[in-house]
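Everything below concerns the one structure shown next.
2 protein chains.
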Amino acid sequence: MRLENQAGRLPEPPSPIADDGDEAHFCRTCAFAGACQAVGYGKPELRELHCLVEHVGPFRAGEHVFRTGNPFRAIFAVRSGTVKTSMVDKEGREQVLGFYLPGEVIGLNAIYPEHFPCDAIALETSYFCRFSFPAMSALAARMPAVQSHLFRLLSKELGSASLLAGDHSADERMAAFLTDLGQRYAARGFSGTQFQLSMSRGDIANYLRLAAETVSRVLSRFRNQGLIEVEGRQLLIRDPASLRHVGRSLLPD
Amino acid sequence: MRLENQAGRLPEPPSPIADDGDEAHFCRTCAFAGACQAVGYGKPELRELHCLVEHVGPFRAGEHVFRTGNPFRAIFAVRSGTVKTSMVDKEGREQVLGFYLPGEVIGLNAIYPEHFPCDAIALETSYFCRFSFPAMSALAARMPAVQSHLFRLLSKELGSASLLAGDHSADERMAAFLTDLGQRYAARGFSGTQFQLSMSRGDIANYLRLAAETVSRVLSRFRNQGLIEVEGRQLLIRDPASLRHVGRSLLPD
DNA sequence: GCCGTGGCTTGATCCGGATCAAGGGCCCTG
DNA sequence: CAGGGCCCTTGATCCGGATCAAGCCACGGC
Chain A
1 MRLENQAGRL PEPPSPIADD GDEAHFCRTC AFAGACQAVG YGKPELRELH CLVEHVGPFR
61 AGEHVFRTGN PFRAIFAVRS GTVKTSMVDK EGREQVLGFY LPGEVIGLNA IYPEHFPCDA
121 IALETSYFCR FSFPAMSALA ARMPAVQSHL FRLLSKELGS ASLLAGDHSA DERMAAFLTD
181 LGQRYAARGF SGTQFQLSMS RGDIANYLRL AAETVSRVLS RFRNQGLIEV EGRQLLIRDP
241 ASLRHVGRSL LPD
Chain B
1001 MRLENQAGRL PEPPSPIADD GDEAHFCRTC AFAGACQAVG YGKPELRELH CLVEHVGPFR
1061 AGEHVFRTGN PFRAIFAVRS GTVKTSMVDK EGREQVLGFY LPGEVIGLNA IYPEHFPCDA
1121 IALETSYFCR FSFPAMSALA ARMPAVQSHL FRLLSKELGS ASLLAGDHSA DERMAAFLTD
1181 LGQRYAARGF SGTQFQLSMS RGDIANYLRL AAETVSRVLS RFRNQGLIEV EGRQLLIRDP
1241 ASLRHVGRSL LPD
């Protein structure tokens, strides 16, 4: 069993693992699904796309998928598991940049510098599809659908990067964070209201630019207000509408 | 005269306007210079690149280059002047996302949503090169140099977006902001130590997630410490090394 | 079993920067 | 010229969240 059961009193949700051995299911939920579908399954171009993919893993919790400074050769789609990306600044302080769920893509910010500007660390046992970037670029030049898909992926990440920017209260940040996670799980076919937080309170705090104690306090408050149920890393969103309302200023529409 | 002289006691630096009527100079400093050079000046491909460019402007201070929700058709390179991009959240609060100097590109974050997710507002009289994005994509498919240039532009912006994220003191943010502005001016061939702040204190504050009063106080403190000289919007960086040191945790290398 | 460690929670205190408030300078317009 | 608006600066006060501190629990190693 890959995910340790916390023996909490909340019922276990289905494990958010796309790679259930069913290739088609993973591909449906993968970030490149759009490109593949545009090409048309079964067409020879799809085979080309799949040829440049290499399955890698498992990476155990705490292991690096790539490190700051590694030469950039490929981007990675999360096949199963969860990853955090983080930078370590000159004072040695860690800075969590993002969390990536099954179907999402990491490494795009390395294209320009040609070296990874951050570390990618598995938060639980994780598997990936590795796309050689030179091969991908070459394919993109011949397949407009792939090219525009890459543009869209990049542009999309630009949009989400500017989200955590604003100055917002701890409650707003936390509510938006949980709502966003739920939506992303839902978009990949998992439950959007009940899931495991695969990262520690410290990682959440770092990502949201809060102290770990504040994260703890806000979660407790949300629980007392009946917005969520939380026990260790098991999370149940009891009142998605209200939660979203609290975080509305950070959330799209 | 395009830029109003503030009649300050600081000597006027050369106006940061790339478009001095000298086409070649602008192109040397433009964000697409890399792509053009890769193609090779004088080659027929360069003509194609230039054919899809349309010069637009002038936009006067306060005028919109595009607005939130406008359908995305093109990206814009700043030819001269300065632009801020900003979002207005559901509570009506403005959120400054960035400032763009001559040679820089705006609109990349609109590719994915296919509509501009933010406003772009001229801070002074400004001119632009407008690149039709469909045409650009088509060209990119035929010219690998253009494609990779677009990838790099997008990826670069991803990197800078994660800069303003961290939790840093007002001094660090301000020092990093001024250093970064200087570097960007220097990269386009202007003075990196003496220039005009084309945005108000309020815009700087909003961008750095500070109060306008704090921006004012920090600037005064920097002046008292001999780091800078500032009078209205005229800025002179007296001690670039120390300033950079204060902002080091936000700055690359 | 015992102990050490790391993640989590909760309480008490402190501080950086927001907010409130007041005043000055500049520019525009009538 | 007066009046009004905007931008900027500086001072006084306040507050949200950081920091410090203590204790709990689950887990792993010995």
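Which chain is which? The protein sequence lines are A and B, in order.
The letter at position 49 of the first sequence is residue 49 when you use this note's numbering, and the numbering goes up by one with no holes.
The letter at position 180 of the second sequence is residue 1180 when you use this note's numbering, and the numbering goes up by one with no holes.
Backbone N, C-alpha and C define an ideal beta-carbon position, used for all residues, glycine too.
What are the boundary residues of the alpha helix (DSSP H) that includes residue i?
{"i": "B:Phe1151", "result": "Pro1144 to Ala1161"}
Determine whether the Cβ of residue i lies closer than 8 Å to any Cβ atom of chain B.
{"i": "A:Ala145", "result": "no"}
{"i": "A:Ile75", "result": "no"}
{"i": "A:Glu54", "result": "no"}
{"i": "A:Glu213", "result": "no"}
{"i": "A:Phe151", "result": "yes"}
{"i": "A:Arg184", "result": "no"}
{"i": "A:Ala140", "result": "yes"}
{"i": "A:Ala161", "result": "yes"}
{"i": "A:Gly166", "result": "yes"}
{"i": "A:Asp89", "result": "yes"}
{"i": "A:Pro71", "result": "no"}
{"i": "A:Pro58", "result": "no"}
{"i": "A:Ser148", "result": "yes"}
{"i": "A:Ser132", "result": "no"}
{"i": "A:Ser200", "result": "no"}
{"i": "A:Leu154", "result": "yes"}
{"i": "A:Leu219", "result": "no"}
{"i": "A:Leu49", "result": "no"}
{"i": "A:Leu235", "result": "no"}
{"i": "A:Leu181", "result": "no"}
According to DSSP, simplified to helix, strand and coil, what is residue i?
{"i": "A:Tyr112", "result": "coil"}
{"i": "A:Ala74", "result": "strand"}
{"i": "A:His168", "result": "coil"}
{"i": "B:Leu1139", "result": "helix"}
{"i": "A:Leu49", "result": "helix"}
{"i": "A:Leu243", "result": "helix"}
{"i": "B:Leu1250", "result": "helix"}
{"i": "A:Gly69", "result": "coil"}
{"i": "B:Asp1022", "result": "No answer about B:Asp1022 holds up, because its pLDDT of 47 lies below 50 and its placement is not dependable."}
Using beta carbons (cut-off 8 Å, strictly below), is residue i in contact with chain A?
{"i": "B:Glu1104", "result": "no"}
{"i": "B:Phe1177", "result": "no"}
{"i": "B:Gln1095", "result": "yes"}
{"i": "B:Tyr1100", "result": "no"}
{"i": "B:Glu1172", "result": "no"}
{"i": "B:Ser1249", "result": "yes"}
{"i": "B:Arg1209", "result": "yes"}
{"i": "B:Ile1111", "result": "yes"}
{"i": "B:Ser1216", "result": "no"}
{"i": "B:Lys1084", "result": "no"}
{"i": "B:Pro1240", "result": "no"}
{"i": "B:Ser1137", "result": "yes"}
{"i": "B:His1245", "result": "no"}
{"i": "B:Leu984", "result": "Lying before the first or after the last residue shown, residue 984 of chain B is absent from chain B, which here runs from 1001 to 1253."}
{"i": "B:Leu1262", "result": "One cannot answer for residue 1262 of chain B here, as it falls past the ends of chain B, which runs 1001 to 1253."}
{"i": "B:Leu1158", "result": "yes"}
Where does the unbroken beta strand (DSSP E) through residue i begin, and where does it stop?
{"i": "A:Pro58", "result": "Val53 to Phe59"}
{"i": "B:Gly1098", "result": "Glu1094 to Tyr1100"}
{"i": "B:His1064", "result": "His1064 to Phe1066"}
{"i": "A:Ser126", "result": "Ser126 to Ser132"}
Which one or two residues does DSSP pair with residue i in a beta bridge?
{"i": "B:Ser1086", "result": "B:Val1096 and B:Asp1119"}
{"i": "B:Val1105", "result": "B:Ala1077"}
Complete beta strand (DSSP E) runs within the region 1170-1241 of chain B (minimum length 3 residues, chain order): 1194-1196, 1228-1231 and 1234-1237
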